[in-house]
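Heads up: the sequence shown at position 85 corresponds to 203 in my numbering, and the numbers run straight through without jumps.
Virtual Cβ for every residue (Gly too), placed ideally from N, Cα, C.
Remember, it's a predicted structure, so these values are computed and weren't measured experimentally.
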Amino acid sequence: MPRGLRLPLLLAFAVLALTAEPASAHAMERAFVLLLPTGLVMAGGTAAVVVSFAVLALVPARALQAIAGHKPEGAIAGNLIWPSCSSFAFLCFLIVCGLFGSRDPLENPLPLTIWVLWWVGFTLLQAIVGDLWRWLNPWSGPARLVQRALGLGGGPWHGLLRYPGWLDHWPAVASFLAFAWIEIVSLAPSDPMLLAETVGLYVLGTFAGVLVFGETAWLGKAEAFSVYFRLVGQLSPIVWRGPGRFRFPGAGLVAGEAVSLSLALFVLLTLASVSFDGLSHTFWWLSWWGINPLEFPGRSGAVTASTLGLVGAWVLLAALFLASVAAGAWLAGEAGAWLTAFCRFAPTLIPISLAYHLAHYLTALLVNGQDAIVAFNDPFGQEVDLLGLGWFRVSLSVVNDWRSVSVIFALQSLAIVTGHILAVVLAHAVSLRTHASPRLALLAELPLAVFMVAYTLLGLWLLATPVAG
């Protein structure tokens, strides 16, 4: 470089350094997101939800009431024994991989299957095709084989004791809260050995519950993932049994009567947990707890904050939702029915919960899904090539190129907006079926619509705001 240019360039760099504004950045998959017109996306997405509520006021009530006319169906019929037993055998294989395979979570099939293929991929598949989990859960088949071996006939195992009615869905609530804590707060949720021990204990505990209280009772009310996947399966537009082949997405969620209080709180927990998972890494949240986002110490420095935040998010969300439906009941002249309204409208939040699920974990599915393929190629780290992948390597191009990141952000935003619009439609269908006139139905739904619009804005903000770690 010519000497005459050195001083001007140094002065130019100094001026740029002094006048530059703070830059927000994300790690890896979100590095380009902030370069997009996120403000316009937030405004447009929120406006779309507002417009959807206005449009619903013009749709004939009979058309929307028909949405709730479908029975809460969606489970795939068939012999449950062998698919379930196959799932049990596969789960045992994964546990063995966790105990004796690689210590690297990105090379061991167990954490990649649990946190990516199953929790992310299978959940999305469940929403598309219906209640696959009823067919593939790892407990029904073994329980029925035990029943046959004891000469007690076929069909669902009815258990040794009657399931206490007062328990309702509370065991599922507690189990899902523990699962969310492990995923979001615990120090090593992907450690293969710890995860193998945790999964093994949960499988044994659930199997004991099935044997004692019966397959229908325990998996229907007490087992967290059977309850969760059944709710998600009701989003499917596919009807597997009965007349017709398709239905309005989510119709199964609003077909029955008001759910129990424990199930309503379970629904709110599914939404609160995935929302807080996104919030817990934001600069705003960490700064609020006095943690420097640019020197994020990791989970070990935020266990208390994350635990309180997870529970607090659930309580706050339940309180806001309760206030919304109670205000709607008051506007419709049914102030005394606030708890019934709370339990009646809660299932309509499942589309939002699934939308946040997709938006939050999409990049993990795209990247770590490749890790899972590589892990199954050599499940015990013995340098074998079981799947014949050769020199296949995980590609990060999908989250390192601005074009693909733009598409990902668009899909995430579209998922959130679509989930909220679907929730508004389902809530309106419930309100129409509950109240005597369309006018009262709109009044009852108005505060809930405000709640959903505000939550849309929150979801889009979580996509765009800076995160640490």
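Cβ distance (whole Å) where residue i is taken to contact residue j below 8 Å
i           : j           : result
residue 403 : residue 397 : 5 Å
residue 202 : residue 258 : 4 Å
residue 540 : residue 367 : 6 Å
residue 449 : residue 562 : 6 Å
residue 261 : residue 328 : 5 Å
residue 212 : residue 227 : 6 Å
residue 347 : residue 249 : 6 Å
Nearest to residue i (by Cα), restricted to the options the options
i           : options               : result
residue 316 : 382, 296 and 333      : 296
residue 376 : 551, 558 and 176      : 551
residue 545 : 555, 311, 532 and 559 : 559
residue 401 : 580, 367 and 303      : 580
residue 379 : 312, 447, 464 and 427 : 464
residue 582 : 524, 567, 512 and 543 : 524
residue 487 : 333, 575, 238 and 389 : 238
residue 374 : 549, 161, 163 and 168 : 549
residue 474 : 164, 531 and 282      : 531
residue 565 : 458, 470 and 438      : 438
residue 445 : 422, 574, 432 and 460 : 460
residue 285 : 310, 276, 236 and 338 : 338
residue 309 : 458, 216 and 178      : 216
residue 198 : 352, 269 and 251      : 251
residue 427 : 173, 264 and 302      : 302
residue 235 : 557, 493 and 576      : 493
Limits of the unbroken alpha helix (DSSP H) element including residue i
i           : result
residue 244 : 241-247
residue 219 : Unbroken run through residue 219: none, as it is neither H nor E.
residue 259 : 258-267
residue 356 : Unbroken run through residue 356: none, as it is neither H nor E.
residue 530 : 520-552
residue 489 : 468-495
residue 452 : Looking at the DSSP string, residue 452 is not in any alpha helix (DSSP H), and its letter there is neither H nor E.
Proximity below 8 Å, CB of residue i to CB of residue j
i           : j           : result
residue 467 : residue 385 : yes
residue 498 : residue 206 : no
residue 484 : residue 516 : yes
residue 476 : residue 533 : yes
residue 590 : residue 417 : Any question about residue 590 goes unanswered here, given that the chain covers just 119 to 587.
residue 318 : residue 578 : no
residue 241 : residue 350 : yes
residue 229 : residue 313 : yes
residue 277 : residue 343 : no
Length of the line joining the Cα atoms of residue i and residue j
i           : j           : result
residue 586 : residue 393 : 16 Å
residue 253 : residue 244 : 11 Å
residue 542 : residue 300 : 32 Å
residue 210 : residue 287 : 27 Å
residue 568 : residue 160 : 16 Å
residue 324 : residue 440 : 32 Å
residue 526 : residue 481 : 8 Å
residue 500 : residue 512 : 19 Å
residue 137 : residue 519 : Because the pLDDT of residue 137 is 33, which lies under 50, any placement of that residue in the model is unreliable, and the question is left without a value.
residue 225 : residue 502 : 13 Å
residue 281 : residue 555 : 40 Å
residue 255 : residue 333 : 11 Å
residue 574 : residue 167 : 8 Å
residue 596 : residue 451 : No answer is possible for residue 596: the residues shown for the chain start at 119 and end at 587.
residue 399 : residue 495 : 33 Å
residue 157 : residue 247 : 34 Å
residue 221 : residue 233 : 16 Å
Residue i beta carbon near the ligand NAP (any heavy atom closer than 7 Å)
i           : result
residue 438 : Annotation note on the ligand NAP: not contained in the displayed structure, which lists no ligands.
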